[in-house]
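Remarks on the structure that follows.
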């Protein structure tokens with residue numbers, strides 16, 4: 001009299017088939033990987049990612065986004081909201097963010113293992129060094145060099161940031177041997193802030209879980225970032241010059257690899273723009289204008305402080321929302337990945353590293369799948385009415401386990 005409904009979960013259908021979402025994610029991974037390994041002109045292929053992503057999403061009737069990218073969406077929305085103030089360079093920055101977040105816009109959830117991603121990064125590093133050896137000035141000329149204090153390494157590579165993300169993946173899954181391996185490669189490829197971020201994340205995860213869970217929340221991390229931003233502004237204004245000279249015997253500009261002078265004019269611009277800057281910024285790309293017109297730098301010169309860039313270009317409201325979404329995840333693993341990215345933002349241009357934004361999403365989703373921590377991991381930003389209707393009216397499908 002009663003019959004069990006014949007129901008097949010969508011994930012079980014066509015297990016052996018190649019889906020558009022997986023193929024698009026593969027295309028993105030390969031182009032980003034080749035772009036980091038070989039540089040221009042291959043890197044320009046990545047500029048197709050947002051265009052193709054939107055086209056496929058419209059054709060398939062939906063746009064999806066991993067929850068790890070919510071802070072980046074805040075940045076994009078903030079940039080669009082202040083569009084009349086944005087410069088061409090600012091729009092380029094926002095496009096780089098889209099390159100990083102769009103590979104998973106069709107809803108694909110990667111199933112890669114830690115070792116698969118690790119060897120992909122290792123091969124990319126080796127290929128990148130080989131390209132420099134063949135077509136440029138070899139980093140091995142005059143013997144192997146390695147001096148972390150002077151930021152000199154014969155093996156320096158952009159993959160240094162990626163190895164740090166891998167180390168965080170190893171830490172949240174408590175594979176400490178893997179963590180040490182990734183840390184060693186991050187040191188060899190010598191992105192110093194990446195090494196510092198990796199060590200800090202490892203130490204944080206060794207702390208009592210309850211304490212870590214309470215600290216990595218907006219109530220603590222937003223004031224912490226405001227404090228660090230304030231210190232960067234004071235540093236740029238010269239408040240630490242005397243202390244640095246008396247402590248290290250050299251100028252604050254030398255100790256910070258030129259950042260003292262680099263921060264000076266943006267710091268003054270931030271102070272002069274208060275209190276209006278607490279609400280709205282001066283527009284995406286404004287930092288480049290400040291460095292070019294006031295500091296005398298030519299062209300698009302990077303600030304190497306995403307905290308200052310975030311406040312000056314987008315304003316205090318976007319600054320607050322950015323870190324609010326970065327640390328309000330239920331998943332502690334997601335917050336750990338954002339802690340790593342947050343530390344990179346202190347003295348680098350992480351928001352312009354589309355490959356790092358992509359790696360952040362890739363590794364965080366793979367790690368959370370291992371931890372069975374996937375609740376809310378993928379969200380739908382847009383779904384057409386036709387797609388919803390097709391899903392509701394789809395006839396039941398019998399599988400091998402159905403009666």
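In UniProt numbering, the protein residues as written are 1 to 403.
The beta carbon of each residue, even a glycine, is placed where N, CA and C say it ideally should be.
Name, in chain order, the residues that DSSP records as bridge partners for residue i.
i, result
"residue 382", "63"
Can you give me the Cβ contacts of residue i inside the same chain, cut-off strictly under 6 angstroms, excluding the 5 residues immediately before and after it?
i, result
"residue 291", "297, 301"
"residue 32", "46, 355, 358"
"residue 185", "163"
"residue 14", "Only weak support exists for where residue 14 lies, its pLDDT of 41 falling under 50; the value from the coordinates is given anyway. Closer than 6 angstroms at Cβ, skipping near neighbours: no residue."
"residue 366", "110, 112"
"residue 63", "57, 105, 381, 382"
"residue 264", "236"
"residue 82", "283"
"residue 123", "none"
"residue 37", "124, 127, 128"
"residue 376", "67"
"residue 108", "21, 22, 25"
"residue 28", "49, 103"
"residue 9", "Reliability of the predicted coordinates at residue 9 is poor, the pLDDT of 43 falling under 50, and no value is obtained from them."
"residue 328", "218"
"residue 363", "165, 169"
Can you tell which of the options has its C-alpha closest to the C-alpha of residue i?
i, options, result
"residue 195", "280, 164, 34", "164"
"residue 19", "106, 65, 193, 198", "106"
"residue 321", "382, 362, 226, 256", "226"
"residue 207", "182, 336, 70, 25", "336"
"residue 295", "108, 258, 327, 274", "258"
"residue 351", "36, 99, 51, 43", "99"
"residue 348", "161, 289, 168", "161"
"residue 84", "360, 374, 313", "313"
"residue 25", "114, 87, 371, 49", "49"
"residue 127", "370, 35, 364", "35"
"residue 288", "274, 277, 262, 132", "262"
"residue 103", "52, 368, 200, 371", "52"
"residue 181", "203, 205, 115, 218", "115"
"residue 70", "338, 346, 61", "338"
"residue 323", "166, 222, 303, 193", "222"
"residue 368", "157, 218, 166", "166"
"residue 158", "190, 255, 168, 133", "190"
"residue 90", "327, 281, 362", "281"
"residue 256", "192, 118, 183", "192"
"residue 233", "204, 274, 205", "274"
"residue 42", "131, 95, 94, 92", "131"
"residue 229", "249, 276, 319", "319"
"residue 346", "224, 93, 210", "224"
"residue 93", "326, 325, 303, 371", "303"
By Cβ distance, which residues of its chain are closer than 8 angstroms to residue i, with the 5 residues on each side in sequence left out?
i, result
"residue 279", "315, 316, 317"
"residue 214", "220"
"residue 252", "235, 238, 240, 241, 244, 245, 260"
"residue 97", "72, 75, 76, 351, 354, 357"
"residue 16", "Summary for residue 16: the model assigns pLDDT 43, below 50, so the residue's position carries little reliability, and this model does not support an answer."
Got a sec? Which residues, its chain only, sit under 7 angstroms from residue i by beta carbon, not counting five neighbours each side?
i, result
"residue 120", "33"
"residue 197", "164, 340, 343, 344"
"residue 379", "64, 65, 67"
"residue 391", "Bear in mind that a pLDDT of 44 at residue 391, under 50, signals an unreliable position, so the number given afterwards is only what the model happens to contain. Contacts found: none."
"residue 86", "79, 283, 284, 285"
"residue 373", "331, 333"
"residue 179", "167, 170, 171, 202"
"residue 360", "68, 165, 337, 341"
"residue 389", "Low confidence applies here, because residue 389 scores a pLDDT of 46, under 50, leaving its location unreliable; read the following figure in that light. Result list for residue 389: empty, nothing under 7 angstroms."
"residue 177", "none"
"residue 427", "This structure leaves residue 427 out entirely; the chain is present only between 1 and 403."
"residue 401", "Interpretation of residue 401 is limited by its pLDDT of 41, a score under 50 that renders its predicted location unreliable; the figure taken from the coordinates is listed afterwards. Excluding sequence neighbours, residue 401 sits near nothing in its chain."
Contiguous alpha helix (DSSP H) assignments of at least 4 residues, all confined to the segment 39-116: 49-60, 70-81, 88-101
Are at least three pairs of beta-carbons, each pair with one atom in the segment 302-310 and one in the segment 266-273, less than 8 angstroms apart? yes
At least three beta-carbon pairs within less than 8 angstroms, the segment 167-177 to the segment 326-337: yes
Quick one: which unbroken alpha helix (DSSP H) runs of 4-plus residues sit fully inside the segment 273-325? Chain order, please. 286-293
Contained alpha helix (DSSP H) runs [length at least 4] in the segment 207-256, N- to C-terminal order: 209-215, 218-236, 241-248, 252-255
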